[in-house]
Amino acid sequence: MPTMKKKIIIAIDGYSSCGKSTFAKAVAAKLGYIFIDTGAMYRAVTLFAMRNGLTDDPEALAERLPEVRIDFRFDPETGHSDVYLNDENVETEIRRIDVSNRVSGVSSIPAVRAKLVAMQQEMGRRKGVVMDGRDIGTMVFPEAELKIFMTADPRVRAERRYKELIAKGEEVSLAEIERNIRERDRQDETRAVSPLRRAADAVVLDNSGMTVEEQMRWIDLRLAELE
Ligand code: DC
0 MPTMKKKIII AIDGYSSCGK STFAKAVAAK LGYIFIDTGA MYRAVTLFAM
50 RNGLTDDPEA LAERLPEVRI DFRFDPETGH SDVYLNDENV ETEIRRIDVS
100 NRVSGVSSIP AVRAKLVAMQ QEMGRRKGVV MDGRDIGTMV FPEAELKIFM
150 TADPRVRAER RYKELIAKGE EVSLAEIERN IRERDRQDET RAVSPLRRAA
200 DAVVLDNSGM TVEEQMRWID LRLAELE
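Here it is in structure tokens:
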């Protein structure tokens with residue numbers, strides 16, 4: 000296992016539901032780094048907007064952003080960090096499909112991005128972080144030592160997300176999920192502010208047919224190249 004003498008920033012960007020969080024968490028655990036799921040932060044702001052009837056009013060949402068406090072707290076029972084919105088654990092709620100359907104709209108509001116990007120830069124100030132999102136290698140940490148751009152076949156991604164949601168007892172159809180994924184890809188790629196794109200110096204990881212173990216061997220090779 001690589002030791003990585005110097006702490007670095009690992010930026011992981013890519014399409015939704017292609018296993019970024021699973022991969023990023025495993026990489027962070029391997030290195031003893033902090034894992035930061037920036038999608039969870041955009042989802043938490045979306046939940047705040049939904050609860051306050053602000054999803055169709057970007058200006059009103061921007062004005063109320065000072066009320067939004069987001070942090071991650073480690074849960075020793077699950078071994079994972081959960082996202083908190085104003086001291087409430089919203090980890091489960093933010094994964095619901097109604098939040099997924101609105102998050103692209105909320106994350107395209109410049110004031111929302113400015114607030115979250117500043118928080119993310121602060122979280123990574125001391126390095127030793129694995130951060131996953133859409134604009135980490137391009138906007139949040141353009142100087143990250145290792146940038147990974149993840150992708151996978153949309154059908155494979157829909158099947159993975161479908162299994163997760165069914166296991167949680169949500170009533171969804173595979174077709175609905177695939178539509179949601181393709182629509183989010185389109186919105187993420189075409190939005191005016193910070194569209195999803197691969198940084199010129201990012202390495203591509205297409206994990207369509209890869210197990211997590213194979214992805215771990217892949218990252219070992221990338222880390223070894225940095226030593
Ligand atoms: O990774 P995810 O599917 O949980 O992300 C939810 C949404 O948040 C996604 O549609 C795009 C947006 N997002 C973003 O705009 N910038 C990020 N750094 C992370 C997520």
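Its first residue numbered 0, the sequence shown is counted upward by one per residue in numbering that gives the first Met the number 0. Every residue, glycine too, gets a C-beta built ideally from N, C-alpha and C.
Minimum C-alpha distance to residue i - residue among the options
i              : options                        : result
leucine 53     : Ala198, Thr21, Arg101, Thr91   : Arg101
glutamate 90   : Ser193, Thr150, Thr37          : Thr37
glycine 31     : Met118, Lys126, Asn85, Ser106  : Lys126
glycine 18     : Leu225, Arg221, Val211, Arg68  : Val211
aspartate 259  : Val128, Ile108, Thr137         : This structure does not reach residue 259, given that the chain is present from 0 up to 226, and the question cannot be answered.
isoleucine 180 : Leu225, Asp152, Glu144, Gly168 : Asp152
serine 16      : Glu66, Arg178, Gly78           : Arg178
leucine 225    : Asp12, Glu144, Ser99           : Glu144
serine 103     : Leu173, Arg159, Ala191, Ala27  : Ala191
Own chain partners of residue i with C-beta closer than 7 angstroms, once the 5 adjacent residues on each side are dropped
i                : result
isoleucine 93    : Ala39, Arg42, Ala43, Leu46, Val82
phenylalanine 73 : Ser80
serine 20        : Asp36, Asp131
beta-carbon residue i near ligand 1 non-hydrogen atom, thresh 8 angstroms
i              : result
lysine 19      : yes
tyrosine 41    : yes
isoleucine 33  : no
valine 89      : no
isoleucine 135 : yes
glycine 38     : yes
glycine 132    : yes
serine 103     : yes
valine 139     : yes
Cβ neighbours of residue i in the same chain (closer than 8 angstroms, five flanking residues each side left out)
i            : result
aspartate 97 : Met49
valine 171   : Ile96, Tyr161, Leu164, Ile165
alanine 110  : Pro57, Leu60, Ala61, Leu64
valine 139   : Ala10, Thr37, Val116, Gln119, Gln120, Gly123, Met130, Gly132
Close beta carbons around residue i, own chain, < 6 angstroms, minus the five adjacent residues each side
i             : result
serine 106    : Tyr41
arginine 307  : In the structure as shown, the chain begins at 0 and stops at 226. Residue 307 is therefore absent and cannot be evaluated.
leucine 220   : none
aspartate 70  : Tyr83
glutamate 188 : Pro194, Leu195
lysine 114    : Leu64
aspartate 134 : Ser193
Quick check on the DSSP output: what are the complete beta strand (DSSP E) runs of length 3 or more inside the segment 111-185, in order along the chain? 128-132, 145-150
Every unbroken alpha helix (DSSP H) inside the segment 71-116 [4 residues or more]: Taken in chain order, the complete alpha helix (DSSP H) segments of 4 residues or longer contained in the segment 71-116 are 96-106.
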